Amino acid sequence: MCLWAATVSAGAWAMIAGLFATVVVNLVGSHFLIAGYHNRFAWDKEAAAALFRFGRWVLLSTMITFCAMQVDRLLLGRLITKEMLGIYSVALAVAMLPNMLLQTLGGAVVYPLMARLARRAHSELCEKLSIAREGLSALGIFFVAGVVLEADTFFRLLYDDRYQAAGRIAQLLAVTVWISALATTLERVPQALGETRVLAVYNFIKLCAAALCSLCGFYYFGGLEGFILGYAVGIAVGHFALNWLLRQFGIRAWRDDLRATALLIVVVAGGLGLRAAVAGLLISDSLRPLATEIASWAYLAGVGLWAAGKAKGLARLENA
Numbered sequence: 149m150c151l152w153a154a155t156v157s158a159g160a161w162a163m164i165a166g167l168f169a170t171v172v173v174n175l176v177g178s179h180f181l182i183a184g185y186h187n188r189f190a191w192d193k194e195a196a197a198a199l200f201r202f203g204r205w206v207l208l209s210t211m212i213t214f215c216a217m218q219v220d221r222l223l224l225g226r227l228i229t230k231e232m233l234g235i236y237s238v239a240l241a242v243a244m245l246p247n248m249l250l251q252t253l254g255g256a257v258v259y260p261l262m263a264r265l266a267r268r269a270h271s272e273l274c275e276k277l278s279i280a281r282e283g284l285s286a287l288g289i290f291f292v293a294g295v296v297l298e299a300d301t302f303f304r305l306l307y308d309d310r311y312q313a314a315g316r317i318a319q320l321l322a323v324t325v326w327i328s329a330l331a332t333t334l335e336r337v338p339q340a341l342g343e344t345r346v347l348a349v350y351n352f353i354k355l356c357a358a359a360l361c362s363l364c365g366f367y368y369f370g371g372l373e374g375f376i377l378g379y380a381v382g383i384a385v386g387h388f389a390l391n392w393l394l395r396q397f398g399i400r401a402w403r404d405d406l407r408a409t410a411l412l413i414v415v416v417a418g419g420l421g422l423r424a425a426v427a428g429l430l431i432s433d434s435l436r437p438l439a440t441e442i443a444s445w446a447y448l449a450g451v452g453l454w455a456a457g458k459a460k461g462l463a464r465l466e467n468a
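Residues 149 to 468, numbered by the numbering used here, are exactly what the sequence shown covers, in order.
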């Protein structure tokens with residue numbers, strides 16, 4: 149990427165050249181750098197049939213999931229200015245960090261655990277799933293609370309005046325992020341059970357609901373803010389559908405979701421109340437913002453310690 153930018157052009161093609169170089173190196177390395185292993189063309193009828201049965205719905209679900217993840221920006225490209233779309237994209241990138249982390253942990257913890265239990269002891273599946281989701285939800289509460297409490301400060305300190313609206317947008321997006329986080333810890337279950345058709349149906353419902361509700365929110369409830377809240381409602385409809393679809397396998401997770409959501413509301417309300425209380429103290433105007441941030445970070449540190457304690461249960465599940 150650096151060579152292309154220095155010798156050819158410093159535009160977007162330099163980024164494409166860097167990505168292409170990465171793929172080529174991986175391709176060559178996977179064929180020649182692994183000692184004693186050689187890739188070759190082959191065909192296994194049984195493996196092909198199994199992949200087709202399992203993978204056809206995974207492929208469809210992946211395509212639908214991509215559309216569902218991008219539908220907000222696809223629609224907003226026609227609804228708002230390019231400048232506001234850029235601000236929205238920056239805010240989304242920050243707000244979605246908790247969900248990205250939970251997706252990684254869900255893939256590393258929940259999916260293999262559910263796959264083992266589905267093959268070995270289905271009766272344990274609900275119990276272990278609840279424990280795993282409790283730990284992941286605690287981490288989600290910590291990170292989502294951090295977005296709500298600190299997004300405005302983050303953009304005020306690190307971005308210029310053009311991006312100050314991103315703080316408010318990121319705080320609104322935290323609602324979507326939390327619902328997505330709850331779904332992230334649950335949507336691996338159909339795949340682990342081999343019920344990939346359920347995953348495709350769920351993602352299709354989520355895509356349709358997110359598109360419809362976000363458009364209704366934009367036109368009837370206040371522009372961009374209405375769009376964001378409508379999008380959150382659409383994601384919630386998809387999550388409700390997932391819970392309903394999983395009932396046929398004896399999995400009922402809605403109580404865990406309600407408890408975790410109530411706890412998130414308490415944590416966020418406590419943090420906002422603390423910030424308001426510190427801001428109202430009789431101290432000089434120059435020290436008030438610093439005192440507010442110190443109190444907020446101390447509060448988040450306490451929440452983080454609590455979440456880390458809850459997440460320790462994930463380590464015990466690896467031996468399940």
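For glycine and all other residues, C-beta sits at the position ideal for the given N, C-alpha and C. What you are looking at is a predicted structure, and each value in this text was computed from that prediction instead of being measured.
Start and end residues, alpha helix (DSSP H) containing residue i
| i | result |
| --- | --- |
| Asn247 | Leu245 to Leu253 |
| Tyr368 | Thr344 to Tyr368 |
| Ala379 | A small fix is needed here, since residue 379 is Tyr in this sequence, not Ala. First-last of the alpha helix (DSSP H) with Tyr379: Gly371 to Leu394. |
| His186 | Run containing His186: none; DSSP gives neither H nor E here. |
| Ser285 | Leu273 to Leu306 |
| Val257 | First-last for Val257: undefined, no H or E at that position. |
| Gln319 | Ala313 to Thr332 |
| Gly421 | Trp402 to Ala427 |
| Val156 | It is not in any alpha helix (DSSP H) - Val156 carries neither H nor E in the DSSP assignment. |
| Arg336 | Arg336 to Ala340 |
Closest Cα partner of residue i within the set the options
| i | options | result |
| --- | --- | --- |
| Gly288 | Leu372, Ile327 and Phe388 | Ile327 |
| Arg423 | Ala439, Ser432, Asp433 and Lys458 | Ala439 |
| Val258 | Ser209, Leu341 and Ser178 | Leu341 |
| Leu330 | Glu194, Leu390 and Met232 | Leu390 |
| Thr332 | Lys230, Lys354, Gly418 and Leu240 | Lys354 |
| Phe388 | Asp405, Asp433 and Glu373 | Asp405 |
| Val238 | Glu343, Leu435, Leu207 and Gln312 | Gln312 |
| Asp220 | Ser209, Leu207, Arg188 and Gly234 | Gly234 |
| Phe303 | Ala318, Phe290 and Val337 | Ala318 |
| Ala456 | Ala425, Trp205 and Glu282 | Glu282 |
| Val451 | Asp433, Gly418 and Glu335 | Gly418 |
| Ile206 | Ala263, Glu343 and Trp152 | Per the sequence presented here, residue 206 reads as Val, with Ile not at that position. Among Ala263, Glu343 and Trp152, the Cα nearest to that of Val206 is on Glu343. |
| Gln396 | Met211, Ala256 and Pro338 | Pro338 |
| Ala446 | Leu250, Leu334, Leu420 and Asn187 | Leu420 |
| Glu231 | Ala314, Thr170, Leu412 and Val171 | Ala314 |
| Trp392 | Met149, Ile413 and Leu334 | Leu334 |
| Tyr236 | Leu250, Gln218, Met248 and Leu249 | Gln218 |
| Cys215 | Glu441, Ala449 and Cys356 | Cys356 |
C-beta contact flag for residue i and residue j at 8 Å
| i | j | result |
| --- | --- | --- |
| Val349 | Val325 | no |
| Trp402 | Ala286 | no |
| Val415 | Ala293 | yes |
| Ala358 | Gly386 | yes |
| Ser444 | Glu298 | yes |
| Pro246 | Phe189 | no |
| Leu284 | Leu253 | yes |
| Ser209 | Leu347 | yes |
| Ala160 | Trp152 | no |
| Ile383 | Cys274 | no |
Integer-rounded CB distance, given that residue j should sit under 8 Å from residue i
| i | j | result |
| --- | --- | --- |
| Leu321 | Ala243 | 4 Å |
| Leu363 | Leu223 | 7 Å |
| Leu372 | Ile182 | No, Leu372 and Ile182 are not in contact; Cβ-Cβ is about 50 Å, not under 8 Å. |
| Phe375 | Phe366 | 4 Å |
| Met262 | Arg336 | 6 Å |
| Met280 | Val323 | Met is not the amino acid found at residue 280; the sequence shown has Ala there. About 23 Å separates the two Cβ atoms, so there is no contact after all. |
| Arg310 | Asp300 | The pair is not a contact, with the Cβ atoms about 15 Å apart (cut-off 8 Å). |
| Ala471 | Arg436 | Nothing can be reported for residue 471, as the shown portion of the chain is limited to 149 through 468. |
heavy atom of the ligand MN below 7 Å from residue i C-beta
| i | result |
| --- | --- |
| Trp161 | Among the components modelled here there is no ligand, and therefore nothing to report on the ligand MN. |
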